[in-house]
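*Asks:* Before we start, here is the structure in question, set down as C-alpha cells.
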Amino acid sequence: MKTPKRIPLLALLFLLSIFKISAQTYAKNGMVVSSNLESSKVGRTILQQGGNAIDAAVATAFSLAVTLPSAGNIGGGGFIVFMDSIGKTTTIDFREKAPLAATNDMYLNKDGELVKGSNHTSIKAIGVPGTVAGLYMAHKKYGKLPWKDLVQPAIDQAKNGFIFNWSLYRAAQRFTKEGNDNAFMDAYFRKENGAVLEPGDNWKQPQLAATLTAIRDKGKDGFYKGEVAKKIALWMKENGGIITKKDLKKYEAIERKPIEGTYKGYTIYSMPPPSSGGVALVEMMNLMEQADLKDIEFNSTAYVHLVAEAMRRAFADRAEHLGDADFNLDMPLEKLTSKEFAKQRFKGIDMKKASVSDSTKFGQLYDGQNTTHFSVLDKDGNAVSLTYTLEYSYGSRMGSEELGFIFNNEMGDFNPQPGITKGNGQIGTAPNLVAPEKRMLSSMSPTIVAKDGKPYLVIGSPGGRTIINTVFQTVLGVLEYEMRIDKAIEALKIHHQWLPDIIRYEKHLLSPDTRDALESMGHTLKPTNNLGSLMGITWDAENKVMTGASDSSSPDGGAAGY
Ligand code: DON
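Just add 36 to the spot in the sequence shown (first one is 1) and you have our numbering.
Listed below in C-alpha cells is the structure:
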C-alpha cells in the first residue's frame, strides 16, 4: 500500500515525466531555445543578469562552439535577424568569404573537370570564418553587458569541462574507429591518456579555452589579428590552404536590411542575400496567400501538392537569380518577394497535376545535416533569430590542434564549375560562382514574424536547402493553421527543391492514401527520416507568455526560460 508520503513523490515523478516529453516550455521574462540545453541555460543566465537578447545570443553562440562542435562554431559563419523592443529590425551577415586567392576554376583539373570532393573535403573548401566578427558587431551595436562577460561562460565550459553526451559519443566513435585517417578529429575526441571519451565523462578543451580567451580579451582582433591569426595562417600554409593573415584582417561582418514580407496581417522578417532563405520564404508565403486555404486541410493531398508546387517555384527562382548581394547588384529581390509576382506564378499551379521541373536548365544538390539555429526573446521584447554553420557536420573536419576549433567547409556552397549545370543537381549559374572575397549562397533562414510591431514567432532550422522549407512549413503551421509552436515544429514536413523533381517526406507522417493520390497526380515521392531541427519561440505579448519549443530531432536541445 502506498503511504501518504509516497503519493506526492509519485505525483512529482509523473509530472516530471510529462515535462520531459512535452517539447514546450513557458516563461514570462526571457527565453533561449537552442540545440543544447546547457548552452540555452548560459543564455538564460545572461538575461537574468540584465543582458538583452543580443547579449544572450552572443553568449549562447560562444557556448555552442564548446558544447555542440558539429555546428556551433567560431570557425564558420552565419546570420542574425534582430528585432528590437520598438520593432526596428535588422540583420547581421557573418557568412564566410572566399579567400583572396580563390578563383572560379579552383576546383577544376586541367581539363576543366570538377575534381570530386575538392570543394567540400579539401583544405581549399575552407572559407574565411565570420562568426567572431558577426557576434562582435552584434554586441558592439546592440549589446548591453560587457563583452568579456559574454565570452567567459564558454571559456569556463571549455576549461572546466562539461558532460560528454551521447551525440558527441556517436561522433567520437565515428572519428576514432580503425581505418579513420583524420588525425585531428581522432585526437579531438580522446582524453589525455589516449582513451576515447565516453558518455558521462567531463570533457575539457583547453586549447579552445585559450583561443576563446584571446577573443574575450581582444574582441574581434583576438581572432582576426595577433597570435590566433598568425597560427591560422601558418597552419594553412603548412597544410596547403590558401587563407592568409590578410584574408583574416580584411574580414568584416555586414549589417543588411532584412527581407520583408507579409502574410494575412503578420509581417515576416528574414535573411537577405547572401542567403536565399528570406526571398524564398516570402515568395512561398505569398504563393500560399493566393490559395483558399480554408478548404485545404493540413496534411491533405491538396496541401502537400500546393506546398510542393510553391517550393518548386521558389527554388527555381533561387537557382536562377540569387548569390552574394555585393557581387550581384541587379538581383530582382523586390520582384521575387512581391504579391504581384506571386499572383502570376500562382496561375501556373494546376491543383490536379504536378508541374515538371525543367532539368535542362538548373538543378540543386541536397546538403548535409549540420548547422544550428537558436531563438532568443528578452523581457523587453528584443528578439534574436540566429543560424550559423560549419556546412557539414564538424565542417571540414580540419583544424590546428593548437587552436582547438574546427574550420568550416563552406566553399562547397558555391557553384563549383562555371556554366555546367547537370541533371544530377550540380549548378553552374553565374550569381553564385567563386570569386575572391565573395560570400557563398546560403539557405539559412533565421526568421522573425511580427504582429502589431512586436515579435510573435522567432524561428529557424538547420538542414541545408531543406531549411527554407522546414521554416516555411512551421511558419505556415503557426500563422495559417493556428498550431501551437511545438505542434508546428513536430508536424509533417516535406521538401521539394525544384531539382531533383522529388517530394521528400518524413515517413510515417504522410498516409498511404495521400501518397497514392499524390503519385497519381504525377509527383515522385521519397521517404526520409527527418527534416529540420527547429528551435522556436512564440510570444503572446498581451498576456506576457513566451512559449519555447525545441525539435525532438535534437535530443540535447531545449528551452531555458525564467
Ligand atoms: O548555408 C547553407 O545553406 C548551408 N551551408 C547550411 C548547411 C546545413 O544546414 C547542413 N545541415 N544541417
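No residue lacks a Cβ here, since even glycine has one placed at the ideal position from N, Cα and C.
Bear in mind that the values here come from a model prediction, so they are computed numbers and not experimental data.
With hydrogens ignored, establish whether the beta-carbon of N72 is closer than 7 Å to any heavy atom of the ligand DON.
*Replies:* Here residue 72 is taken as the residue at index 36 of the sequence shown, counted from 1. No.
*Asks:* Measure the alpha-carbon distance for V340 versus V514 and round it to whole angstroms.
*Replies:* Here residue 340 refers to the residue found at position 304 when the sequence shown is read from its first residue. Here residue 514 refers to the residue found at position 478 when the sequence shown is read from its first residue. C-alpha separation (whole angstroms): 17 Å.
*Asks:* What residues are listed by DSSP as bridge partners for M571?
*Replies:* Taking the sequence shown and counting its residues from 1, one reaches residue 571 at position 535. In DSSP, M571 forms a bridge with S586.
*Asks:* Buried or exposed, going by whether 16 or more other CB atoms sit within 10 Å of the CB of G384?
*Replies:* Working through the sequence shown from its first residue, we reach residue 384 at position 348. It counts as exposed.
*Asks:* Answer yes or no: do G496 and S411 have a C-beta to C-beta separation smaller than 8 Å?
*Replies:* Counting from 1 along the sequence shown, the entry for residue 496 is found at position 460. Counting from 1 along the sequence shown, the entry for residue 411 is found at position 375. In this structure, S411 lies closer than 8 Å to G496 by Cβ.
*Asks:* For A595, which of K64, G66, S76 and N65 has the nearest alpha-carbon?
*Replies:* By 1-based counting over the sequence shown, the position of residue 595 is 559. Taking only the C-alpha atoms, the option nearest A595 is S76.
*Asks:* Give the straight-line distance between the Cα atoms of Q241 and K254, rounded to the nearest whole angstrom.
*Replies:* Within the sequence shown, residue 241 is the residue found at index 205, counting from 1. Within the sequence shown, residue 254 is the residue found at index 218, counting from 1. So the two alpha carbons sit approximately 20 Å from each other.
*Asks:* Please specify which runs of the alpha helix (DSSP H), each continuous and at least 4 residues long, are wholly inside the region 353-399, giving them in chain order.
*Replies:* 369-372 and 375-383
*Asks:* Indicate, with yes or no, if the ligand DON has a heavy atom lying under 7 Å from the CB of D592.
*Replies:* Residue 592 sits at position 556 when you count from the first residue of the sequence shown. Not one heavy atom of the ligand DON falls within 7 Å of the beta-carbon of D592.
*Asks:* Grouping DSSP H, G and I as helix and E and B as strand, with all else coil, what is D257?
*Replies:* Counting from 1 along the sequence shown, the entry for residue 257 is found at position 221. In this structure, DSSP gives D257 a helical state, which the three-state scheme calls helix.
*Asks:* Alpha carbon to alpha carbon, how far is D449 from N579?
*Replies:* What you label residue 449 is simply residue 413 of the sequence shown in a count that begins at 1. What you label residue 579 is simply residue 543 of the sequence shown in a count that begins at 1. Cα to Cα, D449 sits roughly 43 Å from N579.
*Asks:* Any heavy atom of the ligand DON closer than 7 Å to the Cβ of I503?
*Replies:* Residue 503 sits at position 467 when you count from the first residue of the sequence shown. At least one heavy atom of the ligand DON is nearer than 7 Å to the Cβ of I503, so yes.
*Asks:* Measuring straight from C-alpha to C-alpha, what distance separates P343 and V94?
*Replies:* Translated into the one-based positions of the sequence shown, residue 343 becomes position 307. Translated into the one-based positions of the sequence shown, residue 94 becomes position 58. According to the sequence shown, residue 343 is Val rather than Pro. About 35 Å.
*Asks:* So the alpha helix (DSSP H) P454 belongs to, where does it begin and stop?
*Replies:* Counting from 1 along the sequence shown, the entry for residue 454 is found at position 418. P454 -> no alpha helix (DSSP H), and no H or E assigned at all.
*Asks:* Grouping DSSP H, G and I as helix and E and B as strand, with all else coil, what is W271?
*Replies:* Start at 1 with the first residue of the sequence shown, and residue 271 comes out as number 235. Helix.
*Asks:* Which residues share a DSSP beta bridge with T127?
*Replies:* Your numbering for residue 127 matches position 91 in the sequence shown. In DSSP, T127 forms a bridge with V117 and R292.
*Asks:* What are the boundary residues of the beta strand (DSSP E) that G594 is part of?
*Replies:* For the purposes of this step, residue 594 is identified with residue 558 of the sequence shown, where counting begins at 1. Unbroken beta strand (DSSP E) run through G594: G594 to G597.
*Asks:* Cutting at 6 Å between CB atoms, please list the residues of its own chain near K487, excluding the five before and the five after it.
*Replies:* Residue mapping note: residue 487 aligns to position 451 of the sequence shown, counting from 1. The beta carbon of K487 lies closer than 6 Å to those of Y302 in the same chain, with the five residues before and after it left out.
*Asks:* Can you find a heavy atom of the ligand DON that lies under 7 Å from the Cβ of M307?
*Replies:* As a working mapping, residue 307 is identified with position 271 in the sequence shown. No, the ligand DON has no heavy atom inside 7 Å of this Cβ.
*Asks:* Please confirm whether I295 and P308 have their CB atoms less than 8 Å apart.
*Replies:* Mapped onto the sequence shown, residue 295 falls at position 259. Mapped onto the sequence shown, residue 308 falls at position 272. Against a cut-off of 8 Å, the Cβ pair of P308 and I295 comes out as a contact.
*Asks:* Along the beta strand (DSSP E) that carries V94, what are the first and last residues, could you check?
*Replies:* As a position in the sequence shown, residue 94 is number 58, starting the count at 1. Taken as a continuous stretch (DSSP letters only), V94 belongs to no beta strand (DSSP E), being part of the alpha helix (DSSP H) at A89 to T103.
*Asks:* For a quick check, are the C-beta atoms of E132 and V102 less than 8 Å apart?
*Replies:* Residue numbering aside, residue 132 sits at position 96 when the sequence shown is read from its first letter. Residue numbering aside, residue 102 sits at position 66 when the sequence shown is read from its first letter. No, they are not a contact pair.
*Asks:* Restricting to Cα atoms, I'd like to know which of N216, D331 and N322 is closest to Q380.
*Replies:* Here residue 380 refers to the residue found at position 344 when the sequence shown is read from its first residue. The candidate whose alpha carbon is nearest that of Q380 is N322.
*Asks:* Starting from the C-beta of A169, find all residues in its chain whose C-beta is less than 6 Å away, skip the five residues before and the five after it, and write them out in chain order.
*Replies:* Residue numbering aside, residue 169 sits at position 133 when the sequence shown is read from its first letter. F130, K256, Y287 and A289, listed in sequence order.
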